[in-house]
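Going by our numbering, the first residue of the sequence shown is number 14, and it counts up by one from there.
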Amino acid sequence: MYSLPGRVAIVTGASGGIGAATAQNLARRGVHLVLAA
Numbered sequence: 014m015y016s017l018p019g020r021v022a023i024v025t026g027a028s029g030g031i032g033a034a035t036a037q038n039l040a041r042r043g044v045h046l047v048l049a050a
């Protein structure tokens, strides 16, 4: 398994549903996020 803290993720559809849940989960794990609605 690889380490997530400090990595950058682009999450599309982050305004709701699966995209929002994914963004929240990644943020809790220390990932830097670029969000697109």
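Glycine included, C-beta positions come from ideal geometry on N, C-alpha and C.
All values reported here derive from a predicted model rather than from experimental measurement.
- DSSP places residue 33 in the uninterrupted alpha helix (DSSP H) bounded by 30-41.
- In the structure shown, residue 50 falls within a coil segment according to DSSP collapsed to helix, strand and coil.
- If the five residues before and after residue 47 are omitted, its C-beta is found closer than 8 Å to the C-beta atoms of 21, 22, 23 and 24, all from its own chain and listed in chain order.
- Of 39, 26 and 31, the smallest CA-CA separation from residue 17 is found for 39.
- Sixteen is the threshold: when 16 or more other Cβ atoms of the shown chains lie within 10 Å of the Cβ of residue 36, as they do, the residue is buried.
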